[in-house]
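*Asks:* Protein chains in written order, with the numbering used here: chain E, 2 to 269; chain C, 9 to 330.
Sharing a structure with you now.
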Amino acid sequence: MSLVAYAHCLRGVVGRELLRFVHQRSRFVAALVRPLVWLFVFAAGFRMALGVAMTEPYQTYILYEVYIVPGLVGMIQLFNGMQSSLSMVYDREMGSMRVLLVSPFPRWYLLICKLLAGTMVAIVQVYVFLAIAYLYGVQAPLMGYVLILPALIVTGFMVGALGMLLSSFVRQLENFAGIMNFVIFPMFFLSSALYPLWRIREGSYLVYQVAALNPFTHAVEMIRFTMYEQLNVSATLVALATTAVLLGLAILAYNPARGMAARKGGGE
Amino acid sequence: MSVVQGCVLVALWLSPLAAQAERVFVSNEKDNTVSVIDGATLEVVETIKVGRRPRAMAFSSDGSELFVAVGDDEAIDMIDLETLKVVRSQSSGEDPEVIRVDPHRPYVYVSNEDDNIVSVLDYEERTRVTEIPVGIEPEGLGISPDGKWLIATSETSNMAHIIDLNEMEAVYHRLMGARPRHVEFNQEGNEAWVSAEIGATVSIIDMQDTFDVKHTIRFDVPGVPRETVQAVGVALTSDGRYGFVALGPSNRVAMIDQQTYEVLDYILVGQRVWHLALNADESRLYTTNGVSGDVTVIDVDGFEAIRSIPVGRFPWGVIVEP
Chain E
2 MSLVAYAHCL
12 RGVVGRELLR
22 FVHQRSRFVA
32 ALVRPLVWLF
42 VFAAGFRMAL
52 GVAMTEPYQT
62 YILYEVYIVP
72 GLVGMIQLFN
82 GMQSSLSMVY
92 DREMGSMRVL
102 LVSPFPRWYL
112 LICKLLAGTM
122 VAIVQVYVFL
132 AIAYLYGVQA
142 PLMGYVLILP
152 ALIVTGFMVG
162 ALGMLLSSFV
172 RQLENFAGIM
182 NFVIFPMFFL
192 SSALYPLWRI
202 REGSYLVYQV
212 AALNPFTHAV
222 EMIRFTMYEQ
232 LNVSATLVAL
242 ATTAVLLGLA
252 ILAYNPARGM
262 AARKGGGE
Chain C
9 MSVVQGCVLV
19 ALWLSPLAAQ
29 AERVFVSNEK
39 DNTVSVIDGA
49 TLEVVETIKV
59 GRRPRAMAFS
69 SDGSELFVAV
79 GDDEAIDMID
89 LETLKVVRSQ
99 SSGEDPEVIR
109 VDPHRPYVYV
119 SNEDDNIVSV
129 LDYEERTRVT
139 EIPVGIEPEG
149 LGISPDGKWL
159 IATSETSNMA
169 HIIDLNEMEA
179 VYHRLMGARP
189 RHVEFNQEGN
199 EAWVSAEIGA
209 TVSIIDMQDT
219 FDVKHTIRFD
229 VPGVPRETVQ
239 AVGVALTSDG
249 RYGFVALGPS
259 NRVAMIDQQT
269 YEVLDYILVG
279 QRVWHLALNA
289 DESRLYTTNG
299 VSGDVTVIDV
309 DGFEAIRSIP
319 VGRFPWGVIV
329 EP
């Protein structure tokens, strides 16, 4: 098959996802309201008015709302990744996934197209959120908003691949609540999204260790550093490695011959 | 030149951290040292050993020496700015805290907290010229740009004592907010700003006609307990635009419109911000943060803190080479 055919396929999958996103305005608003509530209400309540102690990549003392923004960017991507996996369960139930998977393109390519589509939707939400945060007074260097893009793509693929892997285990839409309770919340709360790791360490060494191992922590730190024009090498490597592993597992899980799809019978 | 190189140059030019050739001196009260920060790199490049408990600093009139009040040694250490070494020391009387240098005469004025006096020392002749009695526990000192007036605050009497430097005696006494700490004259010399630590106010004294308080600025940092707001160091831009007040344990510097006395913003800095200094072109303000042991650099036009630099323990005073 020619590259043009591949590009056509990619355009079709991404276009469908973006179209669905645009048509579901309530989803767009809901996706934005969640982090904004955290920024305006939660961060205001836990303001740490006397400032958060200096920690990299910040070069001086910051307010809590400044600290929390990269974590909320990660939150948008995490919820969006899960939303995408929810839509895969829905697609499977409705039969539209069959249409996608019977196409002549390789399965891995279709899944990557699907991941890219979900990531792009999340990135649109992230930039709208960052624009509102900027107007609210949380302002990073302008170049940081450009440099953050590769980090957003990596994070989008990471959480998207995780969602895809999970969706291969979920038979029905109703089971998705379990995913929320057992995956999204622990990943988000046991990370550096809301508090610096040194602060978590002061509270509980065990929780600190879990947070330090959580790949979402590394994704958030990768976002945080790039937003302030710096590269956190270890966080970036961990995020990339996690993305590669999850992506491999997701492709395997959707392999009709070997993955979970096979056990459920026929790839749906 | 490539596009990338061009972009880097433009970015450097636009950056508030663009290279500035200035030296910033910071007295570390618990380390008995003075840290020297290079304004271009914003890094500590030298640490000068001085006497015990260094606090206030001032440059000699000719700019060749830095004077440091070393309280526990009851002396003024004099640092040669070429060699960055203490070259001599002059006895100052008990517990010198704040010092000011006369713009016309080789005099340094010293507040002697335990003796309730302001000592006048001749740093060329190395003699004690006179002593001026003031209120209980004198603390802040401010000298008018024309060298005619000196104001001393007494932190227990809660007063500002206005001293005629021709007569070498206090001629007016004015009540201030609780525990007055610091005095700063504006460029014209027609106003003196006096901060009060416990009162959390800045009183503006009319130095032209009445020598009375003509306005009082109060501070209210949103979300911060009132008792942590303590007004200490003051810095005023010479163009009459901004005034800055260090607000102690509230970790904020208030930015004030010098003409309307309106608080424009509260800028977050390190813990327990104590004293302030503007650089020569007044593009930057340096703050000493006693508890966190660092100096925060504020971009004056950007209204924001851009960097905090670790120095010694309990940094107290800061001064920028003119």
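We put the CB at the ideal spot given by N, CA and C, even for glycine.
Does the region 131 to 150 of chain E touch the region 185 to 204 of chain E, meaning 3 or more C-beta pairs lie closer than 8 Å?
*Replies:* As far as the Cβ criterion goes, the region 185 to 204 of chain E does not touch the region 131 to 150 of chain E, which means the pair count is below three.
*Asks:* Rounded to a whole number of angstroms, what is the C-alpha to C-alpha distance between E175 of chain C and L244 of chain C?
*Replies:* Their backbone Cα atoms lie some 27 Å apart in a straight line.
*Asks:* Buried or exposed: where does S203 of chain C fall if 16 or more other Cβ atoms within 10 Å of its Cβ makes it buried?
*Replies:* So S203 of chain C counts as buried.
*Asks:* Would you kindly work out how many angstroms separate the C-alpha atoms of G267 of chain E and D92 of chain E, rounded to a whole number?
*Replies:* Model confidence at G267 of chain E stands at a pLDDT of 43, short of 50, so the residue's coordinates are unreliable; what they give is reported in the following sentence. Using only the alpha carbons, I get a separation of about 15 Å.
*Asks:* Taking 8 Å as the cut-off, decide whether the C-beta atoms of M121 of chain E and L19 of chain E are in contact.
*Replies:* The answer is yes: Cβ separation under 8 Å.
*Asks:* Ignore the nearest five residues each way along the sequence and tell me which others in A288 of chain C's own chain have a CB closer than 7 Å to its CB.
*Replies:* Closer than 7 Å at Cβ, skipping near neighbours: E30, V328 and P330.
*Asks:* Tell me, please, whether the CB atom of G278 of chain C is closer than 8 Å to any CB atom in chain E?
*Replies:* Interface residue, yes.
*Asks:* Hey, is the region 45 to 58 of chain C in contact with the region 98 to 117 of chain C, meaning 3+ C-beta pairs nearer than 8 Å?
*Replies:* Too few Cβ pairs lie closer than 8 Å, so no.
*Asks:* Starting from H169 of chain C, trace the alpha helix (DSSP H) both ways and give me its first and last residue.
*Replies:* First-last for H169 of chain C: M167 to D172, but that is the beta strand (DSSP E), not the alpha helix (DSSP H).
*Asks:* Taking all protein chains shown into account, decide if F311 of chain C is buried (16 or more other Cβ within 10 angstroms of its Cβ) or exposed.
*Replies:* Exposed.
*Asks:* For chain E, find out if any of its Cβ atoms is closer than 8 Å to the Cβ of E304 of chain C; answer yes or no.
*Replies:* What sits at residue 304 of chain C in the sequence shown is Thr, not Glu. Yes, because at least one Cβ of chain E sits closer than 8 Å to the Cβ of T304 of chain C.
*Asks:* For the alpha helix (DSSP H) that V13 of chain E lies in, which residues bound it at each end?
*Replies:* Here residue 13 of chain E turns out to be Gly, not Val, going by the sequence shown. Run containing G13 of chain E: L4 to H24, per the alpha helix (DSSP H) assignment.
*Asks:* If I'm right that V76 of chain C touches S35 of chain C with Cβ under 8 Å, what's the distance once you round it to whole angstroms?
*Replies:* Yes, V76 of chain C and S35 of chain C are in contact; Cβ-Cβ is about 6 Å, under 8 Å.
*Asks:* Helix or strand or just coil, what does DSSP make of T164 of chain C?
*Replies:* Reduced to three states, the DSSP call for T164 of chain C is coil.
*Asks:* Please identify, using Cβ separations under 8 Å, the residues of the region 34 to 65 of chain C that lie next to chain E, in order along the chain.
*Replies:* Of all residues in the region 34 to 65 of chain C, none has a Cβ within less than 8 Å of some Cβ in chain E.
*Asks:* If the cut-off is 8 Å on Cβ atoms, which residues from the region 306 to 328 of chain C count as contacting chain E, listed in chain order?
*Replies:* Listed by position, the residues of the region 306 to 328 of chain C near chain E (Cβ gap below 8 Å) are A313, I314, R315 and S316.
*Asks:* May I have the straight-line CA-CA distance separating P62 of chain C from V42 of chain C, to the nearest angstrom?
*Replies:* Roughly 8 Å between the two C-alpha positions.
*Asks:* Which of helix, strand or coil does DSSP assign to D80 of chain C?
*Replies:* Note: D80 of chain C maps to helix in three-state DSSP.
*Asks:* Alpha carbon to alpha carbon, what distance is there between R96 of chain C and G71 of chain C?
*Replies:* Their Cα atoms are separated by approximately 16 Å.
*Asks:* Out of C:A66, C:T295 and C:D130, state which residue places its alpha-carbon closest to the alpha-carbon of I151 of chain C.
*Replies:* Considering only alpha carbons, the answer is C:A66.
*Asks:* With DSSP collapsed to three states, give me the class of A243 of chain C.
*Replies:* A243 of chain C: strand per DSSP, three-state reduction.
*Asks:* Going along the chain, which residues of its own chain have a beta-carbon closer than 8 Å to the beta-carbon of A45 of chain E, five neighbours each way excluded?
*Replies:* Cβ within range, chain order: E66.
*Asks:* For chain E, is any of its Cβ atoms less than 8 Å away from the one on N259 of chain C?
*Replies:* Yes, N259 of chain C lies at the interface with chain E (some Cβ there is under 8 Å from its Cβ).
*Asks:* With a threshold of 8 Å between beta carbons, is F226 of chain E in contact with chain B?
*Replies:* No chain B is part of this structure, whose protein chains are labelled E and C.
*Asks:* Between E:A162, E:A240, E:A31 and E:F80, which has its C-alpha nearest N215 of chain E's C-alpha?
*Replies:* For N215 of chain E, the nearest C-alpha among the options comes from E:A240.
*Asks:* Per the contact definition of three or more C-beta pairs closer than 8 Å, is the region 75 to 87 of chain E in contact with the region 52 to 61 of chain E?
*Replies:* Counting Cβ pairs under 8 Å, fewer than three are found: no touch.
*Asks:* Go ahead and label P153 of chain C buried or exposed: buried means 16 or more other beta carbons lie within 10 angstroms of its beta carbon, across all protein chains shown.
*Replies:* That one is exposed.
*Asks:* V240 of chain C and G256 of chain C - do their beta-carbons sit closer together than 8 Å?
*Replies:* Their beta carbons are under 8 Å apart, which means G256 of chain C touches V240 of chain C by this criterion.
*Asks:* Using 8 Å as the cut-off, can you tell me whether the region 126 to 143 of chain E makes contact with the region 203 to 217 of chain E, which would need three or more C-beta pairs spanning the two stretches below that distance?
*Replies:* No: the two stretches stay apart, fewer than three of their Cβ pairs being nearer than 8 Å.
*Asks:* What residues match up with D130 of chain C in a beta bridge as DSSP calls it?
*Replies:* Bridge partners of D130 of chain C: C:Y115 and C:T135.
*Asks:* By the 10 Å Cβ neighbour count, where 16 or more other Cβ atoms means buried, how is E222 of chain E classified, buried or exposed?
*Replies:* Answer is buried; the Cβ neighbour count reaches 16.
*Asks:* Buried or exposed: where does K115 of chain E fall if 16 or more other Cβ atoms within 10 Å of its Cβ makes it buried?
*Replies:* Answer is buried; the Cβ neighbour count reaches 16.
*Asks:* Distance cutoff 8 Å, beta carbons only. Does V14 of chain E sit that close to anything in chain C?
*Replies:* Output row for V14 of chain E: interface = no.
*Asks:* State the start and end residues of the unbroken alpha helix (DSSP H) segment that holds Y91 of chain E.
*Replies:* Run containing Y91 of chain E: Y65 to M95, per the alpha helix (DSSP H) assignment.
*Asks:* Out of C:Y274, C:Q279 and C:R182, state which residue places its alpha-carbon closest to the alpha-carbon of V308 of chain C.
*Replies:* Ranking C:Y274, C:Q279 and C:R182 by Cα distance to V308 of chain C puts C:Y274 first.
*Asks:* Return the bridge partner residues of T304 of chain C from the DSSP annotation.
*Replies:* C:T295 and C:S316.
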